[in-house]
Amino acid sequence: MSRPGTFTITARDGLARRASLVTAHGVVQTPAFMPVGTVGSVKSVCPRDLKDAGTQILLGNTYHLYLRPGDELVARRGGLHRFMGWDGPILTDSGGFQVFSLQGIRTITEEGVEFRSHIDGSKHFFSPEKVVSIQHNLGSDIMMVLDECVAYGADRDYTARSLELTTRWARRCREAYPAGSGGQLMFGIVQGGFFPDLREESLAQLRDIPFEGFAIGGLSVGESPTQMYDILRHIAPRLPEGKPRYLMGVGTPLDILTGIESGVDMFDCVLPTRNARNGTLFTSQGRVNIKRAEYKEDDGPLDPACGCYACTRFSRAYLRHLYVARELLSYRLNTIHNLTFFLDLAAQAREAVEQGRLAQLKARYEAAYPVAGEPGA
RNA sequence: GUGAGUGUAGCUCAGUUGGUAGAGUCCCAGAUUGUGGCUCUGGUUGCCGUGGGUUCAAGUCCCAUCACUCACC
Numbered sequence: 000m001s002r003p004g005t006f007t008i009t010a011r012d013g014l015a016r017r018a019s020l021v022t023a024h025g026v027v028q029t030p031a032f033m034p035v036g037t038v039g040s041v042k043s044v045c046p047r048d049l050k051d052a053g054t055q056i057l058l059g060n061t062y063h064l065y066l067r068p069g070d071e072l073v074a075r076r077g078g079l080h081r082f083m084g085w086d087g088p089i090l091t092d093s094g095g096f097q098v099f100s101l102q103g104i105r106t107i108t109e110e111g112v113e114f115r116s117h118i119d120g121s122k123h124f125f126s127p128e129k130v131v132s133i134q135h136n137l138g139s140d141i142m143m144v145l146d147e148c149v150a151y152g153a154d155r156d157y158t159a160r161s162l163e164l165t166t167r168w169a170r171r172c173r174e175a176y177p178a179g180s181g182g183q184l185m186f187g188i189v190q191g192g193f194f195p196d197l198r199e200e201s202l203a204q205l206r207d208i209p210f211e212g213f214a215i216g217g218l219s220v221g222e223s224p225t226q227m228y229d230i231l232r233h234i235a236p237r238l239p240e241g242k243p244r245y246l247m248g249v250g251t252p253l254d255i256l257t258g259i260e261s262g263v264d265m266f267d268c269v270l271p272t273r274n275a276r277n278g279t280l281f282t283s284q285g286r287v288n289i290k291r292a293e294y295k296e297d298d299g300p301l302d303p304a305c306g307c308y309a310c311t312r313f314s315r316a317y318l319r320h321l322y323v324a325r326e327l328l329s330y331r332l333n334t335i336h337n338l339t340f341f342l343d344l345a346a347q348a349r350e351a352v353e354q355g356r357l358a359q360l361k362a363r364y365e366a367a368y369p370v371a372g373e374p375g376a
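Residue numbers 0 to 376, in numbering that gives the first Met the number 0, belong to the letters of the first sequence in order.
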């Protein structure tokens, strides 16, 4: 097997790429969707369920695992892979987004970010170096740099200064773990809010730092789909051509296809797993709110086009009952289904890019998932 | 049998000195984008136990009656 970080593009369809990324725990075929396993578990499901659903690579979280059970404890258990029983690739988010979402209980300085634990209120400090050290202890295959995810609505001045801080932090992260110093990869994160030129500026500052991949951060923070797509279409094609591109925290089926169309290779999002727990299921026919009374006596499968365990074995009536009764099995079956749907979407996209049919695939999903506020919605 | 208390939304209950009813929950529907199984946003629902009376006006006051609960015989 090639060396970790090797990124090979094997097909293209417009700006979209079909590629593979080598990591220390296996090769990831892209475009890829990464299920989110924040605290060392994808809520309600087992590694076996993840494999069955088609998961190649998981996302874990630095902030959460640092607070509990602690990265050093995980290191003593042999690293995150062994600890959670997942032998495939893992990407760890740096905690930058938590810094963003913890607004009110954190302060950002040049040195890093001080914050209070959401668990017990205790004070902690994340510097770029600290975040790298934690991710080193966790042993993830891909580390993310510490960044500041700027809130939606931030003005140009703040956004411009923030992006430069993110750049300085990115440089410190790379210095703390130089390229090639181990099997772990490190991705830089482009910020710049909703100003196309600031996005370009952020990229210009980061692109010469020897990262193995680049991410687009700061999207899906409250903007409209149109605003997000404008920035996405502007910046994604400008990211370094020969390295993997990762769109953080996105998104809906259409967001993902729009990203792929713009040249993005990797995605993660809590949407399939969180919505599964809240009864919103993604199907080939569009969203299904399984709690709806109309499914009370519906003996048909959730999605006849889906081959997952939930769809092949149980009826809508049963899935609705489990949800309404708050049965634990509801979370598991719904999560298995939604993950299968998103992972299938990525698999279909890989095939479509190989066949030059991405536009047709997107048109199909556009029909089932119209964008709010746009024609057809 | 006697005494006391309680009867208001499917459920648990608020309803000021009388001015034709509210909350929580449930139910119905929607949201959820680098995750707290959370949360948020809308919406439906009432012979105010029953029958009389007083009053311009009664869920509120008076009488009777029924049901339930508790205590005592």
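Just so you know, even glycine gets a beta-carbon here, dropped at the ideal spot from N, CA and C.
Output yes or no for whether 8 angstroms exceeds the beta carbon distance between residue i and residue j.
i	j	result
residue 365	residue 253	yes
residue 258	residue 235	yes
residue 29	residue 18	yes
residue 32	residue 215	no
residue 395	residue 190	Nothing about residue 395 can be reported from this structure: the residues present for the chain run from 0 to 376 only.
residue 12	residue 355	yes
residue 195	residue 233	yes
residue 296	residue 324	no
residue 55	residue 38	no
residue 184	residue 140	yes
residue 290	residue 330	no
residue 186	residue 143	yes
residue 115	residue 133	no
residue 35	residue 93	no
residue 173	residue 210	yes
residue 192	residue 219	no
residue 367	residue 285	yes
Put residue i into one of helix, strand or coil per three-state DSSP.
i	result
residue 131	helix
residue 267	strand
residue 3	coil
residue 15	strand
residue 123	strand
residue 76	coil
residue 165	helix
residue 44	coil
residue 365	helix
residue 340	helix
residue 31	strand
residue 105	strand
residue 110	coil
residue 335	helix
residue 356	coil
residue 158	helix
Quick one: what's residue i bridged to in DSSP?
i	result
residue 227	Bridge partners of residue 227: none, in fact.
residue 60	92
residue 65	Residue 65 pairs with nothing; no bridge assigned.
residue 255	Looking at the DSSP assignment, residue 255 forms no beta bridge with any residue, so it has no partner.
residue 143	186
residue 276	BP columns for residue 276 are empty, so no partner.
residue 23	BP columns for residue 23 are empty, so no partner.
residue 10	17
Are there 16 or more other CB atoms within 10 angstroms of the CB of residue i, so buried, or fewer, so exposed?
i	result
residue 361	buried
residue 89	buried
residue 244	buried
residue 298	exposed
residue 179	exposed
residue 319	buried
residue 5	exposed
residue 9	exposed
residue 122	exposed
residue 391	Look at the range of the chain in this structure, 0 to 376, and you will see that residue 391 is not part of it.
residue 230	buried
Query raised in the report: Whole beta strand (DSSP E) runs in the region 279–331 with 3 or more residues, listed along the chain?
Result: 279–282, 285–288
Report task. Report the residue ranges of all alpha helix (DSSP H) runs contained in full by the region 202–248; include only those spanning at least 4 residues, in chain order. Result -> Runs found: 224–234.
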